[in-house]
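Worksheet for the structure shown next.
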């Protein structure tokens, strides 16, 4: 076993602090990755503070990982030592169910093994004696089936958030048919929303940002949006009724789905990728124009690689603020205040230097 420096929360009320974990030597089909950068996702805060319930402590967060292969198992053929790779939101699945066989491992019938706050597997079943630890650490060992190739041309610190924020927004845009000329609205301009704008624009869509904060107009246009709609006033929903083919809703705070659904055209779709508190829904707003309300959860390994290649081909990457690991608790508080443009990324060299 390999002693590995990390940062962990030991309870829901504890801040993140230096911690030591053990990583295994790579098995036959595994690779050992020296982590270079790890993005900071809002879900890290939720899970560290046990806001969703079921948190496993001690917890080493982080599921937006970019690093370099330092060792490969004897039968690993996908990656070689020195390759730049990524690890996203999960590190294993049952590999036998219909979802896994279809390349939709995130929907594994037996549950995916999340990169942290989950358990490694013993075949189909979880091995509850082996919790998973994430990317706020200097290295990680993963089966090569669950590792991504980071294409040349994307700055590594800007590639890290693509492993969650990128695929979370790319997958629904692709699945619901966004193409050149599509009219797309992105609700919210945060870590997810800013990627939604960039990706929809790269797909050729006409993109509008819908935001409660008028001060985000300039940033929205800088990121590539064609229009900005301030939604604080109810008149905005009347002025833009029946306008969009697809609405990508990235907001995690409670808001009125019915008002936003009214902005869709006939056969339009609103896709939820945020997870707010329960919101009342009126059937009429769906029925009268055959609208759809859908949800989406990250993507499988195949689609995530497709997303990375798409980003490299179109010059798309996350806007980031790079921090040292010692700044992580402050970063959590700033993130809760919306004080980041648009994703914190930890330089793991700062953890090695501790």
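Numbering (the working numbering), first residue to last: 6 to 359.
We put the CB at the ideal spot given by N, CA and C, even for glycine.
In this text, all values refer to a predicted model and were calculated from it rather than measured experimentally.
Secondary structure at residue i, three-state DSSP: helix, strand or coil?
i           : result
residue 117 : coil
residue 26  : strand
residue 303 : coil
residue 329 : coil
residue 308 : helix
residue 289 : helix
residue 150 : helix
residue 280 : coil
residue 316 : helix
residue 36  : strand
residue 6   : coil
residue 247 : coil
residue 295 : coil
residue 16  : coil
Please confirm whether residue i has its beta-carbon closer than 8 Å to some beta-carbon of chain C.
i          : result
residue 46 : The structure shown contains no chain C, having only a single protein chain.
Residues in the same chain with beta-carbon distance under 8 Å from residue i, minus the five sequence neighbours each way, listed in chain order, please.
i           : result
residue 329 : 351, 352, 355
residue 310 : 153, 154
residue 284 : 259, 260, 261, 262
residue 291 : 266, 297, 298
Give me the residue from the options with the minimum Cα distance to residue i.
i           : options            : result
residue 318 : 224, 301, 203      : 203
residue 68  : 85, 62, 42         : 42
residue 121 : 135, 314, 212, 269 : 135
residue 62  : 12, 234, 151       : 12
residue 273 : 37, 279, 246       : 246
residue 55  : 19, 287, 23, 90    : 19
residue 191 : 292, 253, 306      : 253
residue 294 : 271, 276, 283      : 271
residue 137 : 129, 125, 130, 146 : 125
residue 92  : 347, 214, 275, 303 : 303
List the whole-angstrom C-beta distance separating residue i from residue j, where the pair is believed to meet the contact cut-off of C-beta under 8 Å.
i           : j           : result
residue 174 : residue 201 : 4 Å
residue 207 : residue 242 : So it is not a contact: roughly 28 Å between Cβ atoms.
residue 9   : residue 27  : 7 Å
residue 149 : residue 35  : 7 Å
residue 313 : residue 156 : 6 Å
residue 343 : residue 116 : 32 Å between Cβ atoms; not a contact.
residue 82  : residue 32  : At roughly 14 Å, the Cβ-Cβ gap does not stay under 8 Å, so residue 82 and residue 32 are not in contact.
residue 211 : residue 189 : 7 Å
For residue i, which residues of its own chain have a beta-carbon under 6 Å away from its beta-carbon, when the five flanking residues on both sides are left out?
i           : result
residue 349 : 45, 326, 328, 336
residue 39  : 72, 73, 75, 144
residue 140 : 40, 43, 67, 70
residue 248 : 268
residue 193 : 255, 256
Can you give me the Cβ contacts of residue i inside the same chain, cut-off strictly under 7 Å, excluding the 5 residues immediately before and after it?
i           : result
residue 281 : 256, 257, 258, 259, 260
residue 316 : 159, 167, 171, 322
residue 95  : 110, 111, 117, 118, 119, 120, 151
Give a single yes or no on whether residue i has its beta carbon closer than 7 Å to a heavy atom of the ligand MN.
i           : result
residue 178 : In terms of ligand content, the structure shown is empty, and the ligand MN therefore cannot be addressed.
I'd like the ranges of any alpha helix (DSSP H) spanning at least 4 consecutive residues and lying wholly in the region 154-239.
Here the runs fully enclosed are 161-164, 170-180, 196-207, 222-227.
Fully enclosed by the region 54-108, which alpha helix (DSSP H) runs are 4 residues long or longer?
DSSP runs (the alpha helix (DSSP H)) wholly in the region 54-108: 103-106.
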